[in-house]
Every structure is written in structure tokens, then in C-alpha cells.
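Trainee:
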Amino acid sequence: MLSPKTLLIVSVLIAMTEAESSPPSLPVRVFGAFENVPERESPNFVTDFASKFPGPKGYSWPYPTYAARTWISQQKDEIMIVCFADPVVKATFKFRLNEQKNATQFGTAVEYNFKLLDGPDQESTTLLQEMKTPEGTFTILCVFEANGMKVTYKLGEKEASRYYRRILPFLFDGTYENVPEKSENWEEFISADKSLPRSHSDIKTIQFYRDRNTKYDVTSGLYSNASYYNRVIYASGYSVEFPFGITPDNRFANRTELALPDGSLLKYSYTFTGGAKNVLRTVTEVVGSGKKIEVEATLDFAGIYVVYRRDSMEAKRFYRRVIPASVLGVYESNPDNEQFIAFATAIRSPELLQKTTIEVAENPDHTYVQRFTTGSEPTVDFPFVLGQHSVRTMKGRTVEYTYRYLDEAKPILSTSYQEKDGGPLKFDVIGVYGTDGYTATYLFGDRLASRTYTRKSPKAEVQA
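Heads up: take any position in the sequence shown, counting from 1, add 239, and you land on the numbering used here.
(1) Report yes if the CB atom of V276 is closer than 9 Å to the CB atom of G387, and no otherwise.
(2) Closer than 7 Å by C-beta to A585: which residues in its own chain qualify, once you throw out the five before and the five after it? Chain order, please.
(3) Which value, in whole angstroms, describes the spacing of the CA atoms of F481 and Y507?
(4) Can you grab the Cα-Cα spacing for the pair A583 / D575, in whole Å?
(5) Report all residues from its chain with a CB closer than 7 Å to the CB of T372; omit the five preceding and five following residues, and keep chain order.
(6) Whole beta strand (DSSP E) runs in the stretch 319-346 with 3 or more residues, listed along the chain?
(7) Do the stretch 392-399 and the stretch 417-426 touch if we need at least three Cβ pairs shorter than 8 Å?
(8) Quick one: any contact between the stretch 637-654 and the stretch 666-680, if contact means 3 or more CB pairs under 8 Å?
(9) Apart from the five residues just before and just after R335, which ones in its own chain have a Cβ nearer than 8 Å to its Cβ?
(10) Between F288 and the rest of its own chain, which residues show a CB-CB distance below 6 Å, the 5 nearest in sequence each way excluded?
(11) What residues match up with L407 in a beta bridge as DSSP calls it?
(12) Rounded to the nearest angstrom, what separates S466 and Q368 at their Cα positions?
(13) Looking at the structure shown, is R279 part of a helix, part of a strand, or coil, going by DSSP?
(14) Check whether the Cβ atoms of I442 and A474 lie closer than 9 Å to each other.
(15) If you draw a straight line from the alpha carbon of L567 to that of S363, how long is it in whole angstroms?
(16) Note down, in chain order, each residue of its chain lying with its Cβ closer than 6 Å to the Cβ of E571, except the 5 sequence neighbours on either side.
(17) Restricting to Cα atoms, I'd like to know which of V599, R404 and Y644 is closest to R610.
(18) Give me the DSSP bridge partner(s) of S615.
(19) Can you list, in chain order, the residues of its chain with a C-beta nearer than 6 Å to that of R643? Leave out the 5 residues immediately preceding and following it.
(20) Express the C-alpha separation of I406 and L645 in angstroms, rounding to a whole number.
(21) Using the beta-carbon count (16 or more within 10 Å), is P589 buried or exposed?
(22) Kindly provide the ranges of any beta strand (DSSP E) runs that are 3 or more residues long and lie completely inside the stretch 487-545, ordered along the chain.
(23) In three-state DSSP terms, what is P589?
(24) To which residues of the same chain is E524 closer than 8 Å at the C-beta, ignoring the five residues directly before and after it?
(25) From what residue to what residue does the beta strand (DSSP E) around F292 run?
(26) Under the three-state reduction of DSSP, which class applies to S466: helix, strand or coil?
(27) My guess is that N517 and T486 are in contact by the Cβ rule of under 8 Å, so how many angstroms apart are they, rounded?
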């Protein structure tokens with residue numbers, strides 16, 4: 240079975256891409272991604288609150304809880320809050336302020352409403368949720384500030400609290416390669432600055448990553464090394480790395496200076512405010528030259544859409560998200576367990592119970608394909624472009640599917656399947672890759688099953 244943290248990243252980011260652009264009805268500080276700080280969680284949270292929330296039958300809450308996450312965004316004319324108890328169990332709340340809503344969560348009827356209250360000061364925003372379940376009426380008070388949010392839970396006379404730090408969504412992490420045919424005005428833009436050779440101005444690859452070994456300091460209430468990095472690689476192979484932060488308590492949050500090997504000095508800043516879209520804005524200037532470039536990068540599962548501005552000029556580029564060699568290859572299934580057998584039966588695909596060979600490959604045009612060979616059945620191909628919906632018909636069933644890749648502590652390739660034309664089939668497959676193979680977790684309704692696959696092609700290097 241996958242680790243809770245691994246599956247959580249996938250669930251959060253899939254939920255993030257469901258959000259659509261619309262003018263927010265809440266202050267900007269409310270929107271974005273938040274991660275629970277286990278050291279600041281009340282010891283009675285699981286027993287008095289989490290275990291009483293609606294959930295799958297037989298579900299056991301992890302304790303102590305790890306870094307669960309919450310994503311808040313705008314979806315059309317509604318606000319959407321997705322709360323993750325763990326990577327599998329999540330509660331989604333769609334609402335307009337001050338309106339009563341009814342929903343069913345894991346077969347349980349739930350009534351809820353959200354109200355915007357006056358915050359304790361101008362630097363914070365308070366959102367109150369009332370939720371009625373068979374266990375009683377919960378009141379959940381969220382106080383948002385620049386670095387995160389404090390959440391207080393009440394049920395009858397019992398009370399508990401959690402603190403969530405604000406984070407850059409994990410959607411950003413990964414490697415992105417330029418797609419030249421999707422550039423607009425790029426040649427004119429980089430040619431305007433004659434002081435730089437083309438090899439040091441033509442960007443080929445962009446990378447985002449973060450410190451993964453952060454430690455929480457109970458005394459200061461801050462994380463050590465809670466920073467992010469943006470590496471820009473040019474056509475010549477020359478690269479520049481920009482460390483940055485997105486909250487005021489980060490040492491790289493303010494305008495930062497960076498000395499380059501040629502003696503020039505850059506001053507730069509990164510801004511991520513949250514909202515309906517994942518937009519990171521940067522301003523970079525060469526000290527003493529008067530030269531300044533503004534960049535607006537919008538991310539989704541397909542890649543990064545970038546707008547560059549300098550003086551009166553503007554250029555646009557697209558950088559596709561890359562699946563690394565640590566995922567590409569051929570894999571063979573290992574013997575099945577009872578959970579997987581029940582899953583294959585539930586989705587009416589008994590052929591899955593035979594030994595299965597799976598290949599993930601990149602095509603010459605930089606699209607991808609996943610090939611399935613099961614027993615004596617013909618090989619079935621699922622061609623895909625990351626983040627895009629595709630349709631495949633097999634054995635009379637038309638299925639829409641979407642592949643997503645995440646560059647977390649270990650590579651994660653996930654797929655969502657939905658049977659079209661009113662068919663009941665709808666499930667997710669989440670693969671977490673290691674040196675010797677990968678573990679796939681299958682989610683179908685309230686069912687959860689896993690299966691391991693051993694790498695048959697040459698082993699690849701994987702992040703530790």
C-alpha cells in the first residue's frame with residue numbers, strides 16, 4: 240500500500256486542477272494550498288473529531304497525523320474547499336457564502352454553510368463553517384494569515400485545533416522543456432538585448448523543486464530550510480538557480496540578490512498569492528543596468544504557460560511537463576492480493592487478474608503511451624499527453640482518461656478513468672515509482688486496492 244503522504248500529493252493536485260477562473264468572493268489570502276503542522280495539532284483531534292467525520296466503512300484514522308493538506312479555490316461562481324484526511328479520504332465542500340448546502344459524503348447526509356466573519360485584525364480573515372452530521376453539529380473556525388491558517392474545531396463541549404502552513408502547491412515541482420512551435424514573439428524578445436549571447440538568453444528547460452528535509456522549530460514556530468528553487472537552463476547548458484520563498488517568514492521571501500559568474504548582480508523577487516489559477520510572478524533586474532524582466536508563469540498538469548515582459552515588449556512560451564527516465568520502462572505484475580481481486584471483479588475486468596506487462600514510453604513527438612499486455616490478450620495502447628483528456632474504446636466500452644505526473648519525493652504517475660455514455664466505471668490508478676519497480680493503488684468508490692510491478696527494463700536512478 241502507498242504511504243499516506245504519497246497518495247495525498249496526488250489527491251490534492253488532482254483537486255486543484257478542477258478549479259476554474261472566476262473573480263474571488265473571498266480575500267486573496269484565503270485561497271491557496273495549506274499543509275498541516277503535526278507538532279501543532281491537539282492530541283485529541285483524531286479521537287474527538289476526525290474519527291467522527293463521515294468516512295469509508297472500517298476506515299482507521301492515522302495518528303499521529305502527518306502533514307495533511309487543504310486546497311481552497313474558486314470554481315465558477317462557487318468556492319471549493321477540499322480537505323484531505325489522508326491521500327484517499329477527502330471531503331469536498333462547494334458553496335456560496337451564507338447559503339445552506341446539502342451533500343452526501345461516503346453515504347452520509349451532511350448539511351453545511353460558510354460565513355465570513357470579521358477577523359481579529361486587518362492582517363487576517365476568519366471563515367466559519369457549520370456542519371451537521373449524525374454525530375452532531377461541528378463548528379470549524381478558520382483564521383487565515385500570511386503564513387497559514389489556524390483551525391479550531393468544536394463539537395458540543397469538546398474542542399481541538401490544528402495549524403496549517405501556507406505552501407507552494409506541489410504542482411510546481413518538476414522539469415519542463417520548451418516547445419518551440421508554441422512560442423510567440425520569442426526571437427524578437429531575446430534579440431532586443433544585444434549584451435547577452437543567444438546561448439545565455441534562449442531558455443531550454445525550467446525546473447522547480449523544494450527543500451524536502453524541513454524541520455519544525457516549536458520555539459519559533461517556523462520551518463528550517465522551508466524554501467523553493469527555480470533553475471533556468473539555457474541552450475548552452477549554462478544555468479542559474481533562484482532560491483525563493485512565498486511567505487513573509489521565509490529567508491528568501493523578500494527581494495533577493497544573486498551574483499553571477501560573469502560578475503553581474505541580479506535582484507529578483509517571486510510572488511505567489513493563491514487564487515483560482517496557479518500563477519507565480521517574478522521580477523528580475525540586473526543591478527546598475529536598468530534592465531528588468533517581469534515573468535508570469537501559469538501552471539497546470541500539461542506544463543507552464545509563461546508570459547515575459549520587458550519595456551514595451553512581450554513574448555509567450557509553453558514548457559511541457561516531462562516524465563523522467565525513472566518512470567519510463569517495462570514492468571511486470573506480481574501475484575495479486577484479495578483487495579485487487581475484488582477490485583478487478585467490481586470493475587468487470589477479470590482479465591486483469593492474469594499476469595500483466597505494462598510499458599510507459601515516450602514517442603518521438605514527445606507525447607507518451609502506456610501499453611498493457613494481459614495474459615494472451617492483445618496489447619492495448621493508451622496514448623496520452625499529460626493533463627489532457629483522451630478517449631479509448633475497447634470491448635464495447637468507451638472510456639475517457641487523463642494522465643498526470645507529479646515530481647514528489649518519488650515520481651508519481653496517476654490516471655483517472657471515466658466510462659462515457661452513462662457507464663458506471665470510474666476509478667483512479669496512482670503509481671509511485673522506485674528503483675526496482677512501482678506500486679499502483681486503485682481507487683474505485685469506497686474500494687481501495689494495490690498491486691506491485693517489478694521493473695523488467697534497465698533500472699533507473701530515482702530520487703532518494
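Quick reminder that beta carbons are idealized off the backbone N, C-alpha and C, glycines included. Computed from a predicted structure; not experimentally measured.
Mentor: So, from the data block:
(1) Along the sequence shown, read from residue 1 onward, the residue named residue 276 stands at position 37. Along the sequence shown, read from residue 1 onward, the residue named residue 387 stands at position 148. The answer is yes: Cβ separation under 9 Å.
(2) For the purposes of this step, residue 585 is taken as the residue at position 346 of the sequence shown. Excluding residues within five positions, the ones whose Cβ falls inside 7 Å are F683 and R686.
(3) By one-based count along the sequence shown, residue 481 stands at place 242. By one-based count along the sequence shown, residue 507 stands at place 268. C-alpha separation (whole angstroms): 8 Å.
(4) Within the sequence shown, the letter at position 344 stands for residue 583. Within the sequence shown, the letter at position 336 stands for residue 575. Whole-angstrom Cα-Cα distance: 10 Å.
(5) As a first step, residue 372 is located in the sequence shown; it is residue number 133 there, counting from the start. Closer than 7 Å at Cβ, skipping near neighbours: P293, T347 and V349.
(6) 329-334 and 340-344
(7) no
(8) yes
(9) Within the sequence shown, residue 335 is the residue found at index 96, counting from 1. So the qualifying residues of the chain are S264, D316, E317 and I318.
(10) Residue 288 sits at position 49 when you count from the first residue of the sequence shown. Here the set comprises Y392 and A399.
(11) The sequence position of residue 407 within the sequence shown is 168, counting from 1. Answer is none; L407 lacks a bridge partner.
(12) What you label residue 466 is simply residue 227 of the sequence shown in a count that begins at 1. What you label residue 368 is simply residue 129 of the sequence shown in a count that begins at 1. Straight-line Cα distance between these residues: approximately 32 Å.
(13) By 1-based counting over the sequence shown, the position of residue 279 is 40. It is helical.
(14) For the purposes of this step, residue 442 is taken as residue 203 along the sequence shown, with counting starting at 1. For the purposes of this step, residue 474 is taken as residue 235 along the sequence shown, with counting starting at 1. Yes.
(15) Locating residue 567 in the sequence shown gives position 328, where the first residue counts as 1. Locating residue 363 in the sequence shown gives position 124, where the first residue counts as 1. Each residue's alpha carbon lies about 46 Å from the other.
(16) To locate residue 571, count along the sequence shown from 1; it is residue 332. Within the same chain, E571 has close Cβ partners T596, T693 and K695.
(17) Position 371 of the sequence shown, counting from 1, holds the residue named residue 610. Checked all of V599, R404 and Y644; the closest Cα to R610 is V599.
(18) To locate residue 615, count along the sequence shown from 1; it is residue 376. DSSP lists no partner for S615.
(19) In the sequence shown, the residue the question calls residue 643 occupies position 404. Taken in chain order, the residues that qualify are F540 and S653.
(20) Residue mapping note: residue 645 aligns to position 406 of the sequence shown, counting from 1. Residue mapping note: residue 406 aligns to position 167 of the sequence shown, counting from 1. Rounded to whole angstroms, L645 to I406 spans 16 Å at the Cα level.
(21) Numbered from its first residue, the sequence shown carries residue 589 at position 350. Result: exposed.
(22) 495-498, 504-510, 517-525 and 530-538
(23) Position 350 of the sequence shown holds residue 589. Helix, per DSSP.
(24) For the purposes of this step, residue 524 is taken as the residue at position 285 of the sequence shown. Excluding positions up to five away in sequence, the list reads L505, K506, Y507, K530, K531 and I532.
(25) Locating residue 292 in the sequence shown gives position 53, where the first residue counts as 1. Here F292 belongs to no beta strand (DSSP E), and DSSP marks it neither H nor E.
(26) Taking the first residue of the sequence shown as 1, we reach residue 466 at position 227. Reduced to three states, the DSSP call for S466 is coil.
(27) As a first step, residue 517 is located in the sequence shown; it is residue number 278 there, counting from the start. As a first step, residue 486 is located in the sequence shown; it is residue number 247 there, counting from the start. 16 Å between Cβ atoms; not a contact.
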